[in-house]
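Asker: Take a look at the following structure, please.
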Amino acid sequence: MKLVDANVLIYAVNPDTERHIEAKTWLDRAMSGGATVGLTWLVLLAFIRLTTKRGLFPQPLTIDDAMAIVAQWIELPSTVIVEPGHRHLALMAELSETCEVTGNLVNDLHLAAIAVEHRAEIVSYDSDFDRFDRVRWERPAS
Numbered sequence: 018m019k020l021v022d023a024n025v026l027i028y029a030v031n032p033d034t035e036r037h038i039e040a041k042t043w044l045d046r047a048m049s050g051g052a053t054v055g056l057t058w059l060v061l062l063a064f065i066r067l068t069t070k071r072g073l074f075p076q077p078l079t080i081d082d083a084m085a086i087v088a089q090w091i092e093l094p095s096t097v098i099v100e101p102g103h104r105h106l107a108l109m110a111e112l113s114e115t116c117e118v119t120g121n122l123v124n125d126l127h128l129a130a131i132a133v134e135h136r137a138e139i140v141s142y143d144s145d146f147d148r149f150d151r152v153r154w155e156r157p158a159s
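In short: position in the sequence shown from 1, add 17, done, that's our numbering.
In structure tokens form, the structure reads like this:
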């Protein structure tokens with residue numbers, strides 16, 4: 018399973034970013050079948066929050082548009098919502114033993130623990146996932 022980070026989703030829908038074509042191509046291909054695409058509510062809410070934020074992008078989405086995009090994604094047969102399991106907190110503690118985790122890295126730690134728990138590979142433009150042992154991740158390639 019490919020567990021997608023928010024930055025991939027944001028770049029895929031925002032034509033004003035330099036990574037748009039690469040992210041959109043990867044996401045379209047991944048969601049069209051083959052491998053399972055995992056999404057978490059934390060990632061989806063980050064997508065909605067950031068794509069609707071005025072000043073962050075020249076053309077922010079409306080809340081209705083952002084939620085409609087998310088609805089389309091989660092209705093696809095190749096997409097699943099991935100939740101933390103009963104070992105989640107213990108995995109977070111284990112993964113944080115090898116690196117200092119503070120502030121913004123907490124969300125990455127959360128996603129990393131979900132990836133380990135579900136034997137998934139994270140797809141992200143964020144190299145911070147290198148910090149976590151046992152976490153497999155890759156950058157989208159078009």
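Even glycine gets a Cβ: it sits at the ideal position worked out from N, Cα and C.
Count the other CB atoms, across all protein chains shown, that sit within 10 Å of the CB of Gly55; report buried if there are 16 or more and exposed otherwise.
Answerer: The residue is buried, with at least 16 neighbouring Cβ atoms inside 10 Å.
Asker: Tell me the rounded alpha-carbon separation between Val140 and Phe149.
Answerer: For Val140 and Phe149, the distance between alpha carbons rounds to 14 angstroms.
Asker: Between the Cα of Thr119 and those of Ala107, Ala52, Ile80 and Asp145, spot the shortest distance and give me the residue it belongs to.
Answerer: With distances taken between Cα atoms, Thr119 lies closest to Asp145.
Asker: According to the Cβ coordinates, are Val123 and Leu20 closer than 8 angstroms?
Answerer: Result no, Cβ atoms of Val123 and Leu20 do not sit closer than 8 angstroms.
Asker: What is the residue span of the beta strand (DSSP E) that Leu56 lies within?
Answerer: Note, Leu56: beta strand (DSSP E), Val54 to Leu56.
Asker: Output yes or no for whether 8 angstroms exceeds the beta carbon distance between Ala158 and Met18.
Answerer: It is not a contact, given that the beta carbons lie outside the stated cut-off.
Asker: Might you give, ordered along the chain, the residues of its own chain that have their beta carbon closer than 6 angstroms to the beta carbon of Thr69, omitting 5 neighbours on each side?
Answerer: Same-chain partners within the cutoff: Pro77, Leu78, Ile80 and Ala83.
Asker: I'd like to know whether the C-beta atoms of Thr34 and Val97 end up nearer to each other than 8 angstroms.
Answerer: Cβ atoms of Thr34 and Val97: not closer than 8 angstroms.
Asker: For Leu126, which option in Leu59, Trp90 and Ile65 has the closest C-alpha, if you only look at C-alpha atoms?
Answerer: Minimum Cα distance to Leu126 is reached at Leu59.
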